[in-house]
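Colleague:
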Amino acid sequence: MAVFKPFKAYRPKPELAGEIAAKPYDVLNSEEAREEVIGHPLSFLHIGKPEIDLDPSVDIHDAQVYAKGKENLWNLINQGALVEDDKPYIYLYAQTMDGRTQYGFVGCASVEDYWNDTIKKHEKTRKDKEEDRCNHVRVTNSHSGPIFLTYRDIDVVQSVIDNIKVTTPDQDLVALDGIRHQVWVIRDENLNKSLEEIFAGVDYFYVADGHHRSAAASIVGRERAQANPNHNGSEEYNYFLAVLFPASHLYIMDYNRVVKDLNGLTEEEFFEKLNINFSFVESTKPVKPTQKGDFGLYMNGKWYTMSANPQLLQINDPVEKLDVAILQKYCLDAILGIDDPRTSKRVDFIGGIRGLAELERRVNNGEMKLAISMYPTSIDELMSIADAGQIMPPKSTWFEPKLRDGLFVHFLD
């Protein structure tokens, strides 16, 4: 039985929401974030990436970075830019990109559900990234970057969404990147209780995006519980900020690869080895794969459609039959010698939001030797792997649009 409950959010004043809402901390590096906030003193990047307000010589994991984040958060609250709601609510949150809208509910998920695998994961987390987010939560005493959760569709939930979305939202903004964000506060107490009861009947939630943030929230929640002699399970630190989307609403984009060299092979030798497990044909235009098992290959100004041999698609293992796994095993590892894409400096990953032109650019400028475009992993594949207790290969999914930080803040006490 899954837990999803209302909470008293700190939210931006409606007229300031467009200035405060910011991209997640992990989609920009420090320099990009510094550029992003020029002329935007209220941007939540000042909280999510507070090193941007310190000298660039300061290590991003230094204690003063997290202290600055706390200071910046309370500056927004003290000046009235972030305001606490009067009661705990569940919220409806809509994102519209390229004419397509996805609707999710904002509330609090349970730390205990994370530990007992009612909230299922599909990625490994890195200890250094976990500790960074733990420190951010510990010092700011808050969750400000929501965890992106999904669940298998429920008809009655869709009916609730349909009834709310035709009403006037409490917040409605278009971000600088053109993505529209809308928020409805669900003030009907009975509807809040009803949603809690409906989600209590869900077997599992799935982390779509935000594995490090959910791990950090759960680690800190457990720390707080152990340190509290009067712990009773109802404290706010037992829950973390999440947005819960029906699986059918989600859009997973391709997550493409670029490789620095041919591992000492000539181009002729590379294609000869590739031909063992893939067929390929030259294309007159950039190749954006349209079906599972197909890839685009770009090298020396030419595009090729590359298709995995059919037997590779008949594998029963939910991980091994992923396109990213097939490419990794039979091309990147077997031919190009990239055995661990998590640590190799010879491969890089490019989210589909940047388009095929970015793949061409990285190869044409000589930085990379070849690029491979992918067919997106499906949400069903993600959930099947999580259900099997397995881990997806790195950089398997790229969700768009990204959730915005700063539209909701949840305090741990």
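Just so you know, we're using my numbering here: the sequence shown kicks off at 41 and counts up by one.
Even glycine gets a Cβ: it sits at the ideal position worked out from N, Cα and C.
Since we're looking at a predicted model, the values are computed, not measured.
Leu447 by DSSP, collapsed to three states: which one?
Modeller: To locate residue 447, count along the sequence shown from 1; it is residue 407. Three-state result, Leu447: coil.
Colleague: Can you give the Cα-Cα distance for Phe311 and Leu68, rounded to whole angstroms?
Modeller: Against the sequence shown, residue 311 aligns to sequence position 271. Against the sequence shown, residue 68 aligns to sequence position 28. Spanning the two alpha carbons is a distance of roughly 36 angstroms.
Colleague: Can you check DSSP and say which residues form a bridge with Ile187?
Modeller: The residue you call residue 187 lines up with position 147 of the sequence shown. According to DSSP, Ile187 bridges with Ala282.
Colleague: Could you have a look at Val206 and say whether DSSP puts it in helix, strand or coil?
Modeller: Within the sequence shown, residue 206 is the residue found at index 166, counting from 1. Looking at Val206 - three-state DSSP - the assignment turns out to be coil, as it is neither helix nor strand.
Colleague: How long is the line joining the alpha carbons of Leu447 and Pro52, rounded to whole angstroms?
Modeller: As a first step, residue 447 is located in the sequence shown; it is residue number 407 there, counting from the start. As a first step, residue 52 is located in the sequence shown; it is residue number 12 there, counting from the start. Each residue's Cα considered, the two are about 6 angstroms apart.
Colleague: Taking 6 angstroms as the limit between beta carbons, can you name the residues of its chain near Gly144, skipping five residues before and five after?
Modeller: Within the sequence shown, the letter at position 104 stands for residue 144. Taken in chain order, the residues that qualify are Tyr133, Val283, Leu284 and Phe285.
Colleague: For Thr383, which residues does DSSP report across the bridge?
Modeller: Taking the first residue of the sequence shown as position 1, residue 383 is located at position 343. DSSP, once it has assigned bridges, lists no residue as partnering Thr383.
Colleague: Under the rule that 16 or more other beta-carbon atoms within 10 Å means buried, what is Ser288, buried or exposed?
Modeller: As a first step, residue 288 is located in the sequence shown; it is residue number 248 there, counting from the start. Ser288 is exposed by the Cβ-count criterion.
Colleague: Applying the 10 Å Cβ sphere with the 16-neighbour rule, what's the burial state of His183?
Modeller: By one-based count along the sequence shown, residue 183 stands at place 143. His183 comes out buried.
Colleague: Rounded to a whole number of angstroms, what is the C-alpha to C-alpha distance between Thr417 and Gly392?
Modeller: Locating residue 417 in the sequence shown gives position 377, counting from the first residue. Locating residue 392 in the sequence shown gives position 352, counting from the first residue. Looking at the two C-alpha atoms, the distance is approximately 12 angstroms.
Colleague: According to the Cβ coordinates, are Thr180 and Gly120 closer than 7 angstroms?
Modeller: Residue 180 sits at position 140 when you count from the first residue of the sequence shown. Residue 120 sits at position 80 when you count from the first residue of the sequence shown. Their beta carbons are not under 7 angstroms apart, which means Thr180 does not touch Gly120 by this criterion.
Colleague: Under the rule that 16 or more other beta-carbon atoms within 10 Å means buried, what is Ala397, buried or exposed?
Modeller: As a position in the sequence shown, residue 397 is number 357, starting the count at 1. Its Cβ having fewer than 16 others within 10 Å, Ala397 is exposed.
Colleague: Straight-line CA distance for Pro381 to Val298?
Modeller: Start at 1 with the first residue of the sequence shown, and residue 381 comes out as number 341. Start at 1 with the first residue of the sequence shown, and residue 298 comes out as number 258. Going by the C-alpha atoms only, they are around 11 angstroms apart.
Colleague: If we count the other Cβ atoms within 10 Å of its Cβ and call it buried at 16 or more, is Asp153 buried or exposed?
Modeller: Within the sequence shown, numbered from 1, the residue matching residue 153 stands at position 113. With 16 or more Cβ atoms within 10 Å of its Cβ, Asp153 is classed as buried.
Colleague: With distances taken from CA atoms, which of Ala257, Glu170, Ala411 and Asn405 is nearest Leu302?
Modeller: Here residue 302 refers to the residue found at position 262 when the sequence shown is read from its first residue. Checking every option, the nearest Cα to that of Leu302 belongs to Ala411.
Colleague: List, from N- to C-terminal side, the beta strand (DSSP E) runs of 3 residues or more that fit wholly inside the region 68-141.
Modeller: Entirely contained in the region 68-141, the beta strand (DSSP E) runs reaching 3 residues are, in chain order, 122-124 and 130-137.
Colleague: Report buried or exposed for His450, applying the criterion of at least 16 other Cβ atoms within 10 angstroms of its Cβ.
Modeller: If you number the sequence shown from 1, residue 450 lands on position 410. Label assigned to His450: buried.
Colleague: Are the CB atoms of Glu91 and Val77 within a distance shorter than 7 angstroms?
Modeller: Along the sequence shown, read from residue 1 onward, the residue named residue 77 stands at position 37. Along the sequence shown, read from residue 1 onward, the residue named residue 91 stands at position 51. For Val77 and Glu91, no; Cβs fall outside 7 angstroms.
Colleague: Are the Cβ atoms of Ala348 and Phe318 separated by less than 7 angstroms?
Modeller: Residue mapping note: residue 348 aligns to position 308 of the sequence shown, counting from 1. Residue mapping note: residue 318 aligns to position 278 of the sequence shown, counting from 1. In this structure, Phe318 lies closer than 7 angstroms to Ala348 by Cβ.
Colleague: Measure the CB-CB distance between Arg253 and Gly185 and report whether it falls below 7 angstroms.
Modeller: Residue mapping note: residue 253 aligns to position 213 of the sequence shown, counting from 1. Residue mapping note: residue 185 aligns to position 145 of the sequence shown, counting from 1. Yes, the Cβ-Cβ distance between Arg253 and Gly185 is below 7 angstroms.
Colleague: Consult DSSP for Tyr291 and reduce its assignment to one of helix, strand or coil.
Modeller: Here residue 291 is taken as the residue at index 251 of the sequence shown, counted from 1. DSSP places Tyr291 in coil when its eight states are reduced to three.
Colleague: Nearest CA to the CA of Val247: which residue from Met339, Ser150 and Glu322?
Modeller: The residue labelled residue 247 in the question sits at position 207 within the sequence shown. Closest option to Val247, Cα to Cα, is Ser150.
Colleague: In this structure, does DSSP put Glu312 in helix, strand or coil?
Modeller: Here residue 312 corresponds to residue number 272 of the sequence shown, with the count starting at 1. Looking at Glu312 - three-state DSSP - the assignment turns out to be helix.
Colleague: Give a yes or no on contact between the region 188-201 and the region 96-103, applying the rule of three or more CB pairs nearer than 8 angstroms.
Modeller: The answer is no - the region 96-103 does not touch the region 188-201, with fewer than three Cβ pairs under 8 angstroms.
Colleague: Taking C-alpha atoms, which residue in Thr190, His251, Tyr65 and Asp126 lies nearest to Ile431?
Modeller: Position 391 of the sequence shown, counted from the start, is the residue given in the question as residue 431. Nearest C-alpha to Ile431: His251.
Colleague: Check each candidate in Ile60, Thr306, Met414 and Lys369 and name the one with the smallest Cα separation from Leu455.
Modeller: The structure shown does not extend to residue 455, since the chain is modelled only from 41 to 453, so the question has no answer here.
Colleague: Which whole-angstrom value is the C-beta distance of Lys442 and Pro64, which I expect to be below 8 angstroms?
Modeller: By one-based count along the sequence shown, residue 442 stands at place 402. By one-based count along the sequence shown, residue 64 stands at place 24. Sure, about 6 angstroms apart at Cβ, within 8 angstroms.
Colleague: State yes or no: is the C-beta of Ala255 within less than 7 angstroms of the C-beta of Thr165?
Modeller: If you number the sequence shown from 1, residue 255 lands on position 215. If you number the sequence shown from 1, residue 165 lands on position 125. Against a cut-off of 7 angstroms, the Cβ pair of Thr165 and Ala255 comes out as a contact.
Colleague: Considering only their Cβ atoms, is the gap separating Thr136 from Arg227 smaller than 7 angstroms?
Modeller: On the sequence shown, residue 227 is found 187 positions in, with the first residue counted as 1. On the sequence shown, residue 136 is found 96 positions in, with the first residue counted as 1. No, Cβ-Cβ distance for Arg227 and Thr136 is not below 7 angstroms.
Colleague: Can you tell me whether DSSP reads Glu398 as helix, strand or coil?
Modeller: Taking the sequence shown and counting its residues from 1, the one referred to as residue 398 is at position 358. Helix, per DSSP.
Colleague: Going along the chain, which residues of its own chain have a beta-carbon closer than 6 angstroms to the beta-carbon of Phe245, five neighbours each way excluded?
Modeller: Within the sequence shown, numbered from 1, the residue matching residue 245 stands at position 205. These residues qualify, in order along the chain: Ala42, Ile159, Leu189 and Tyr191.
Colleague: Can you check which of these residues, Gly341, Thr208, Asn175 and Arg140, is closest to Ile259 by C-alpha distance?
Modeller: Here the question's residue 259 lines up with position 219 in the sequence shown. When each option's Cα is compared against that of Ile259, the closest is Asn175.
Colleague: On a Cα-Cα basis, can you pick out the residue from Lys409, Gly79 and Asp243 that is closest to Asp427?
Modeller: The sequence position of residue 427 within the sequence shown is 387, counting from 1. Closest by alpha carbon: Asp243.
Colleague: Roughly how many angstroms lie between the CA atoms of Trp224 and Asp210, to the nearest whole one?
Modeller: Here the question's residue 224 lines up with position 184 in the sequence shown. Here the question's residue 210 lines up with position 170 in the sequence shown. Using only the alpha carbons, I get a separation of about 5 angstroms.
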